[in-house]
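Engineer: Sequential numbering from 884 applies to the sequence shown in the working numbering.
Cβ coordinates follow ideal geometry from the N, Cα and C atoms, glycine included.
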Amino acid sequence: MLPRGSCLVRLALVTATTAVLGCVSDPAPSSPVDGGTPGTGGAGSGNGSGGVGNNSGSGGSGTGSVMGSGSGGNGTGSAPGSGGAGSGGNVGTVVPLIPARVRRLTNAEYEASVRALFGTSMTISATFPPDARQGVFARGGYTLNDAQRVDPVLAKQLADAAVAIVAEARQNGRLASMAPCTNSATGGEACATTFIQTFGAKAYRRPLTPAEVTAFLVPYRAGATGGTYNDGVDMIVRAALQSSGFLYITEIGDGTAAANANVTLTPYESASVLSYILT
884 MLPRGSCLVR LALVTATTAV LGCVSDPAPS SPVDGGTPGT GGAGSGNGSG
934 GVGNNSGSGG SGTGSVMGSG SGGNGTGSAP GSGGAGSGGN VGTVVPLIPA
984 RVRRLTNAEY EASVRALFGT SMTISATFPP DARQGVFARG GYTLNDAQRV
1034 DPVLAKQLAD AAVAIVAEAR QNGRLASMAP CTNSATGGEA CATTFIQTFG
1084 AKAYRRPLTP AEVTAFLVPY RAGATGGTYN DGVDMIVRAA LQSSGFLYIT
1134 EIGDGTAAAN ANVTLTPYES ASVLSYILT
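#1: What is the rounded straight-line gap between the Cα of Ser-1067 and the Cα of Thr-1077?
#2: Give a yes or no on contact between the segment 987-1007 and the segment 1147-1155, applying the rule of three or more CB pairs nearer than 8 Å.
#3: Quick check on DSSP: helix, strand or coil for Val-1101?
#4: Please report how far the alpha carbon of Thr-1108 lies from the alpha carbon of Ala-1142, in whole angstroms.
#5: Return the CA-CA distance between Ser-1013 and Thr-1097, expressed in angstroms with no decimal places.
#6: Examine chain B for any beta-carbon lying closer than 9 Å to the beta-carbon of Phe-1082, and answer yes or no.
#7: Which residue from Thr-976, Gly-975, Val-977, Ala-1044 puts its Cα closest to that of Leu-1130?
#8: Quick check for students: name the residue ranges of the beta strand (DSSP E) that lie wholly in the segment 1052-1114, counting only runs of 3 or more.
#9: So the beta strand (DSSP E) Val-985 belongs to, where does it begin and stop?
#10: What do you reckon, are the CB atoms on Pro-1093 and Ala-1084 nearer than 9 Å?
#11: If you draw a straight line from the C-alpha of Thr-989 to the C-alpha of Leu-1037, how long is it?
#12: To the nearest whole angstrom, what separates the beta carbons of Leu-1041 and Val-1049, a pair I think is in contact under 8 Å?
#13: How about Arg-1088 and Ser-1158: are their beta carbons less than 9 Å apart?
#14: Can you look up Ser-939 in the DSSP assignment and give me helix, strand or coil?
#15: How is the alpha helix (DSSP H) around Ile-1135 delimited, first residue to last?
#16: Could you check whether Thr-1162 and Ala-1015 sit closer than 9 Å to each other, using their CB atoms as the reference points?
#17: What residue from Thr-1010, Tyr-993, Ile-1079, Ala-1154 has the CA that sits closest to Val-1120's CA?
#18: Which residues bound the alpha helix (DSSP H) around Arg-1032?
#19: How about Ala-1075 and Leu-1100: are their beta carbons less than 9 Å apart?
#20: Tell me where the alpha helix (DSSP H) around Ile-1160 begins and ends.
#21: Label Gly-1138 either buried or exposed according to how many other C-beta atoms from any shown protein chain fall within 10 Å of its C-beta, with 16 as the threshold for buried.
#22: Using the Cα positions of Thr-1026 and Arg-986, report the straight-line distance between them to the nearest angstrom.
#23: Closest to Lys-1039 by C-alpha separation, out of Asn-1055, Gln-1054, Thr-1010, would be which residue?
#24: Using only the alpha-carbon positions, how far apart do Val-1046 and Val-977 sit?
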């Protein structure tokens, strides 16, 4: 028979999973801290005192804590750090595309054009009014043609310049070599048509359309009728140098772009823009 009040009797009164009554609890290990050492478990509180009574009495119950308390040591360690983010350069200003446009030749561009066509040494544009610098994209250059209209005064100056250029080119033989014709008496118009196509493509900076070729035969006939083949050719040149196809540069593409869409220049327009930039 077991003695009353012993630990084994008290252990029978409760389940093994709750608490050991009246006994000192075993120390519980603390969870180790990552990188440190395990802590020491704490001791439970004191034993309960036995109750007084007869043989059938029950002993008093003590109180205690199953779980010990303790603190683990602090661990030290290092984890991989993340690299700092680099800073980019300054973002440049976004400049909108230059709008599609039609602009008149500047005085310098006019000089370069007639010099390329006829090799003239005259400074023709000296009598022209100064160029207008305008437009948000101008930056000292010449872009939009709002102020580059041909008024009556400039129209007369352009006509006088064309007469002077033709007279010089006829005198030095340049026009004779540009528009030869072996049988001008009967085949003058055929020769004139060939000249219109070759010279017109250079003056307009693109091939002429059939309608434009036909239109240039009008001044030819006006000069050749009652005159000579050479007179008709001279009238062709004078008309070309005063026409919009020569005086104006187009940067509008082939006309197939939708409204407000970006415009792709034609190959001839691109070549014209580049040629005037480089000359």
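Structural biologist: Reading from the atomic positions:
#1: Here the question's residue 1067 lines up with position 184 in the sequence shown. Here the question's residue 1077 lines up with position 194 in the sequence shown. Answer to the nearest angstrom: the Cα atoms are 13 Å apart.
#2: no
#3: Here residue 1101 is taken as the residue at index 218 of the sequence shown, counted from 1. Looking at Val-1101 - three-state DSSP - the assignment turns out to be helix.
#4: As a first step, residue 1108 is located in the sequence shown; it is residue number 225 there, counting from the start. As a first step, residue 1142 is located in the sequence shown; it is residue number 259 there, counting from the start. Taking the straight line joining both Cα atoms gives about 46 Å.
#5: Mapped onto the sequence shown, residue 1013 falls at position 130. Mapped onto the sequence shown, residue 1097 falls at position 214. A small correction: the amino acid at residue 1013 is Pro; Ser does not occupy that position in the sequence shown. CA-CA distance, Pro-1013 to Thr-1097, rounds to 34 Å.
#6: Within the model displayed, chain B is absent; a lone protein chain is all it includes.
#7: Walking along the sequence shown from the start, residue 1130 turns up at place 247. Of the listed residues, the one whose Cα sits closest to Leu-1130 is Ala-1044.
#8: Counting whole runs of 3 or more residues, the segment 1052-1114 contains no beta strand (DSSP E) stretch at all.
#9: As a position in the sequence shown, residue 985 is number 102, starting the count at 1. It spans 984-987 - the beta strand (DSSP E) in which Val-985 sits, taken as one unbroken run.
#10: If you number the sequence shown from 1, residue 1093 lands on position 210. If you number the sequence shown from 1, residue 1084 lands on position 201. For Pro-1093 and Ala-1084, no; Cβs fall outside 9 Å.
#11: Here residue 989 corresponds to residue number 106 of the sequence shown, with the count starting at 1. Here residue 1037 corresponds to residue number 154 of the sequence shown, with the count starting at 1. As the crow flies, the alpha-carbon of Thr-989 is around 13 Å from that of Leu-1037.
#12: What you label residue 1041 is simply residue 158 of the sequence shown in a count that begins at 1. What you label residue 1049 is simply residue 166 of the sequence shown in a count that begins at 1. About 13 Å; that fails the 8 Å criterion.
#13: Within the sequence shown, numbered from 1, the residue matching residue 1088 stands at position 205. Within the sequence shown, numbered from 1, the residue matching residue 1158 stands at position 275. Cβ atoms of Arg-1088 and Ser-1158: closer than 9 Å.
#14: The residue labelled residue 939 in the question sits at position 56 within the sequence shown. Its pLDDT being 44, under 50, Ser-939 is placed unreliably in this model, and the value from its coordinates should be taken loosely. Reduced to three states, the DSSP call for Ser-939 is coil.
#15: As a position in the sequence shown, residue 1135 is number 252, starting the count at 1. Unbroken run through Ile-1135: none, as it is neither H nor E.
#16: Walking along the sequence shown from the start, residue 1015 turns up at place 132. Walking along the sequence shown from the start, residue 1162 turns up at place 279. For Ala-1015 and Thr-1162, no; Cβs fall outside 9 Å.
#17: Here residue 1120 refers to the residue found at position 237 of the sequence shown. Minimum Cα distance to Val-1120 is reached at Ile-1079.
#18: Mapped onto the sequence shown, residue 1032 falls at position 149. Careful: Arg-1032 lies outside any alpha helix (DSSP H) and carries neither H nor E.
#19: On the sequence shown, residue 1075 is found 192 positions in, with the first residue counted as 1. On the sequence shown, residue 1100 is found 217 positions in, with the first residue counted as 1. It is a contact, given that the beta carbons lie within the stated cut-off.
#20: Translated into the one-based positions of the sequence shown, residue 1160 becomes position 277. Here the alpha helix (DSSP H) through Ile-1160 covers 1150-1161.
#21: Here the question's residue 1138 lines up with position 255 in the sequence shown. Burial call: exposed.
#22: Along the sequence shown, read from residue 1 onward, the residue named residue 1026 stands at position 143. Along the sequence shown, read from residue 1 onward, the residue named residue 986 stands at position 103. Summary for Thr-1026: the model assigns pLDDT 49, below 50, so the residue's position carries little reliability, and this model does not support an answer.
#23: In the sequence shown, the residue the question calls residue 1039 occupies position 156. Comparing Cα-Cα distances from Lys-1039 to each of Asn-1055, Gln-1054, Thr-1010, the minimum goes to Thr-1010.
#24: Position 163 of the sequence shown, counted from the first residue, corresponds to residue 1046. Position 94 of the sequence shown, counted from the first residue, corresponds to residue 977. Val-1046 and Val-977: Cα-Cα distance of roughly 47 Å.
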